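Residue numbers (the numbering used here), protein chains in the order written: chain A, 5 to 396; chain B, 17 to 150.
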């Protein structure tokens, strides 16, 4: 009876501990902040009532036997634009609209919007239009002495990232246009997933291959690195969500790269981490600090990870954890909340990274020499091989 | 999803104008008239908390009615306007008392002219809330 009670108590405590730890664990990644700026990009027209009606008239004259093809029209219309983007500043309630038409200057417009509910923004605008307009052949414009008042009602739906524009004239309402965009906003969490998304990456060979965490590049259309004050675009070659690793390639020959340690990590072994905690908000200088391996397992007995007592923070994600010889021991990935714990951080073992690379037909470089490097040399190696990576 | 948002109509009213008063802009004299009730409908959409977009649909009794209106809504009053900003605020204010259902519709000429500031035509009547019949 007592044993059973103790077992239950133990089980209860264990469950609670797991829950608490799950809540506390944080990845070292600059992102997932409460939405203050929502970005819609690459907006495409999916309905255009007015444009379609004009197109139909033109087409009927040019090719009366050809039936109207809505998809063909939308393709033509969308190809006119290089991009249409919208940015919602929630605090200021300002929408910035950017439209780049091919061979035209960038058009930018700012307007105030209202928050209808948590997933809907709206803009209502009264405007005047000519009533009974007549075409003036001299000025080649429609003219009229009378005007009427209409209303534009634009609805921005955050759930499906659509802009729906209705036009109100008299007692009527017309659905004018719908655009669907890509969004950085997650309606389920109310958060954005690419605001200041940045982390750390490092070169693993002289062919421009980089390693970082999957969560640093996930959901990012284009990741760029900053290497010696110059930005480079990266190509995402492969990812492993379970290991939380990503392999990238950049078109440059780095000054240095980090080779892999052949030795198994040991408890109390001195390790050094390099990275960009808090991204470039803190500073654009590489931060290097050191600590020790405290466990050869990670969170929930994860044998692909080690636990370290290093002071690493959001933004360190994907950074190298090296030994005194500058050889890779692990890749910084996550840690426990600093509010409750102290000095509990996790790194993905270099052996797991090796497996990931081999699967992607890349042989990790190992350093044959086993000499220790002095601090200056380790610092130089890390400076020349570690980069700031961010989402464009 | 967008369809549901876009076409959500929040309040429908069935209104009847019972009085029409006119003010002569030159003599300032007001003429009060009682009318046989002339009916029209009002469709109010809430576009954001406290803000509305409204359409009036006239009938054979009323003839054409200016529309749309934008304005505000609270527990007691719906205040709407249909104004020509280019014509110096010329247009109509439409105020509905949500408690009694009584409405006042004041039409103005150029509002920046001192002698035109007051309404030149006023319609009053009552509205009741209804559901769509069909």
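For glycine and all other residues, C-beta sits at the position ideal for the given N, C-alpha and C.
From a predicted model like this one, the values you see are computed outputs, not experimental measurements.
*Would you kindly work out how many angstroms separate the C-alpha atoms of residue 79 (chain B) and residue 31 (chain B), rounded to a whole number?*
Locating residue 79 (chain B) in the second chain gives position 63, where the first residue counts as 1. Locating residue 31 (chain B) in the second chain gives position 15, where the first residue counts as 1. Each residue's Cα considered, the two are about 14 Å apart.
*With a CB to CB cut of under 6 Å and the five nearest residues on each side skipped, what residues in its chain are close to residue 27 (chain B)?*
For this step, residue 27 (chain B) is matched to residue 11 along the second chain. Contacts found: 60.
*Report yes if the CB atom of residue 320 (chain A) is closer than 8 Å to the CB atom of residue 277 (chain A), and no otherwise.*
Counting from one through the first chain, the residue named residue 320 (chain A) turns up at place 316. Counting from one through the first chain, the residue named residue 277 (chain A) turns up at place 273. Taking 8 Å as the cut-off, the Cβ atoms of residue 320 (chain A) and residue 277 (chain A) count as close.
*Note down, in chain order, all residues in the region 104-117 of chain A with a beta-carbon under 7 Å from any beta-carbon belonging to chain B.*
none
*Note down the Cα distance separating residue 11 (chain B) from residue 59 (chain A), rounded to an integer number of angstroms.*
With chain B represented from 17 up to 150, any question about residue 11 (chain B) goes unanswered, as that position is not in the structure.
_N-terminal and C-terminal residue of the beta strand (DSSP E) that residue 129 (chain A) is part of_ = Position 125 of the first chain, counting from 1, holds the residue named residue 129 (chain A). 124-134 is the span of the beta strand (DSSP E), which, as asked, contains residue 129 (chain A).
*Spell out whether any CB of chain A is found under 8 Å from the CB atom of residue 33 (chain B).*
The residue you call residue 33 (chain B) lines up with position 17 of the second chain. Chain A, which has no Cβ nearer than 8 Å to the Cβ of residue 33 (chain B), makes this no.
*Residue burial classification, residue 332 (chain A) (beta-carbon count within 10 angstroms, cutoff 16)*: Residue 332 (chain A) sits at position 328 when you count from the first residue of the first chain. The residue in question, residue 332 (chain A), is buried, as its Cβ has 16 or more Cβ neighbours within 10 Å.
_So within the region 195-279 of chain A, which uninterrupted alpha helix (DSSP H) runs reach at least 4 residues, ignoring any that extend past its ends?_
218-221
*Helix, strand or coil at residue 44 (chain A) [DSSP, three-state]*: The residue you call residue 44 (chain A) lines up with position 40 of the first chain. The answer is strand: DSSP assigns residue 44 (chain A) an E or B state.
*Looking at the unbroken beta strand (DSSP E) that takes in residue 117 (chain A), where does it start and where does it end?*
Taking the first residue of the first chain as position 1, residue 117 (chain A) is located at position 113. Counted as a single uninterrupted DSSP element, the stretch harbouring residue 117 (chain A) is not any beta strand (DSSP E), since DSSP gives it neither H nor E.
*Examine chain B for any beta-carbon lying closer than 8 Å to the beta-carbon of residue 382 (chain A), and answer yes or no.*
Taking the first residue of the first chain as position 1, residue 382 (chain A) is located at position 378. No - not a single Cβ of chain B is within 8 Å of the one on residue 382 (chain A).
_Considering just the uninterrupted stretch of the beta strand (DSSP E) at residue 68 (chain B), what are its terminal residues?_
Counting from one through the second chain, the residue named residue 68 (chain B) turns up at place 52. Its beta strand (DSSP E) spans residues 67-73.
*Taking only beta carbons into account, state which residues of the region 64-79 of chain B come closer than 8 Å to chain A, listed in chain order.*
Of all residues in the region 64-79 of chain B, 64, 65, 67, 69, 71, 72, 73, 74 have a Cβ within less than 8 Å of some Cβ in chain A.
*Coarse secondary structure for residue 367 (chain A), derived from DSSP in three states*: By 1-based counting over the first chain, the position of residue 367 (chain A) is 363. If DSSP states are grouped into helix, strand and coil, residue 367 (chain A) belongs with coil.
_7 Å Cβ cut-off: residues of chain A touching residue 83 (chain B)_ = Reading the second chain from its first residue, position 67 is the one you call residue 83 (chain B). Residues of chain A passing the Cβ test: 174, 175.
*Would residue 381 (chain A) be called buried (16 or more neighbouring beta carbons within 10 Å of its own) or exposed?*
On the first chain, residue 381 (chain A) is found 377 positions in, with the first residue counted as 1. Label assigned to residue 381 (chain A): exposed.
*When the Cα of residue 114 (chain B) is compared with those of B:126, B:141, B:107, B:100, which residue comes out closest?*
Against the second chain, residue 114 (chain B) aligns to sequence position 98. Looking at the Cα atoms, B:141 is the closest of the given residues.
*Measure the C-alpha to C-alpha separation of residue 104 (chain A) and residue 252 (chain A) and round it to an integer number of angstroms.*
Position 100 of the first chain, counting from 1, holds the residue named residue 104 (chain A). Position 248 of the first chain, counting from 1, holds the residue named residue 252 (chain A). Approximately 30 Å between the Cα atoms of the pair.
_Using C-beta distances below 8 Å, list every residue in its chain close to residue 170 (chain A), excluding the 5 sequence neighbours before and after it, in chain order._
As a working note, residue 170 (chain A) is residue 166 in the first chain. Excluding residues within five positions, the ones whose Cβ falls inside 8 Å are 156, 157, 158, 159, 177, 178, 179, 180.
*Keeping to the same chain, check which residues put their C-beta closer than 6 Å to that of residue 126 (chain A); ignore five residues upstream and five downstream.*
Counted from its first residue, the first chain places residue 126 (chain A) at position 122. If the five residues before and after residue 126 (chain A) are omitted, its C-beta is found closer than 6 Å to the C-beta atoms of 118, 120, 159, all from its own chain and listed in chain order.
*asked:* Is it the case that the region 258-275 of chain A contacts the region 54-69 of chain B, given that we only count it when at least three CB pairs across the two stretches are under 8 Å?
replied: no
*Taking C-alpha atoms, which residue in B:77, B:58, B:65 lies nearest to residue 84 (chain B)?*
The sequence position of residue 84 (chain B) within the second chain is 68, counting from 1. If you compare the alpha carbons of B:77, B:58, B:65 with that of residue 84 (chain B), the shortest gap goes to B:58.
*At which residues does the alpha helix (DSSP H) containing residue 55 (chain A) begin and terminate?*
Your numbering for residue 55 (chain A) matches position 51 in the first chain. Residue 55 (chain A) -> alpha helix (DSSP H) spans 53-66.
*Of the choices A:294, A:281, A:259, whose alpha-carbon is the least far from that of residue 275 (chain A)?*
By one-based count along the first chain, residue 275 (chain A) stands at place 271. Comparing Cα-Cα distances from residue 275 (chain A) to each of A:294, A:281, A:259, the minimum goes to A:294.
_Length at least 3, wholly inside the region 125-191 of chain A: the beta strand (DSSP E) runs in chain order_ = 138-140, 145-147, 151-161, 166-173, 176-187
*Tell whether a beta-carbon distance below 8 Å holds between residue 45 (chain B) and residue 37 (chain B).*
Position 29 of the second chain, counting from 1, holds the residue named residue 45 (chain B). Position 21 of the second chain, counting from 1, holds the residue named residue 37 (chain B). Note that the C-beta distance between residue 45 (chain B) and residue 37 (chain B) is not below 8 Å.
*Verify the CB distance criterion: does residue 107 (chain B) have a CB-CB separation below 8 Å to chain A?*
Counting from 1 along the second chain, the entry for residue 107 (chain B) is found at position 91. Yes, because at least one Cβ of chain A sits closer than 8 Å to the Cβ of residue 107 (chain B).
_Contact between the region 97-117 of chain A and the region 130-142 of chain A (3+ Cβ pairs under 8 Å)_ = The answer is no - the region 130-142 of chain A does not touch the region 97-117 of chain A, with fewer than three Cβ pairs under 8 Å.
*asked:* Less than 6 Å between C-beta atoms, sequence neighbours within five positions excluded: which residues of the same chain meet that for residue 397 (chain A)?
replied: This structure does not reach residue 397 (chain A), given that chain A is present from 5 up to 396, and the question cannot be answered.
*What's the C-alpha gap between residue 148 (chain B) and residue 70 (chain B)?*
Numbered from its first residue, the second chain carries residue 148 (chain B) at position 132. Numbered from its first residue, the second chain carries residue 70 (chain B) at position 54. For residue 148 (chain B) and residue 70 (chain B), the distance between alpha carbons rounds to 16 Å.
*Is the distance from the Cβ of residue 153 (chain A) to the Cβ of residue 248 (chain A) below 8 Å?*
Position 149 of the first chain holds residue 153 (chain A). Position 244 of the first chain holds residue 248 (chain A). No.
*Which runs of the beta strand (DSSP E), 3 residues or longer, sit entirely within the region 23-51 of chain B?*
27-39
*What separation, rounded to the nearest whole angstrom, lies between the Cα atoms of residue 98 (chain A) and residue 91 (chain A)?*
The residue labelled residue 98 (chain A) in the question sits at position 94 within the first chain. The residue labelled residue 91 (chain A) in the question sits at position 87 within the first chain. If I take the Cα positions, the gap works out to 8 Å.
_I'd like to know whether the C-beta of residue 4 (chain B) is nearer than 8 Å to at least one C-beta of chain A._
With chain B running from 17 to 150 in the structure shown, residue 4 (chain B) is simply not present.
*Report yes if the CB atom of residue 394 (chain A) is closer than 8 Å to the CB atom of residue 202 (chain A), and no otherwise.*
Here residue 394 (chain A) is taken as the residue at index 390 of the first chain, counted from 1. Here residue 202 (chain A) is taken as the residue at index 198 of the first chain, counted from 1. Yes; because the gap between Cβ atoms is below 8 Å, this pair is in contact.
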